[in-house]
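Heads up: the structure comes next, in structure tokens.
In our numbering, the protein residues as written are 79 to 120.
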């Protein structure tokens with residue numbers, strides 16, 4: 079299983095897609111870090 083870090087900018091829709099894929103078993107990974115370019119995180 080891969081450990082991945084996600085770089086986010088904007089509304090977070092790509093992050094949500096990755097979270098959904100992990101939870102549904104379509105992506106064999108653990109999201110171990112999320113890095114945002116804004117304090118609000120999108």
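Just so it is clear, CB atoms sit at the ideal spot from N, CA and C, and this is done for glycine as well.
List the residues that DSSP assigns as beta-bridge partners of residue 114.
Answer is 86, bridged to residue 114.
Looking at the secondary structure, which residues open and close the alpha helix (DSSP H) in which residue 93 lies?
It spans 91-101 - the alpha helix (DSSP H) in which residue 93 sits, taken as one unbroken run.
Quick one: grab the DSSP three-state call for residue 81.
Looking at residue 81 - three-state DSSP - the assignment turns out to be strand.
Measuring only the C-alpha atoms, how far is residue 80 from residue 108?
Taking the straight line joining both Cα atoms gives about 6 Å.
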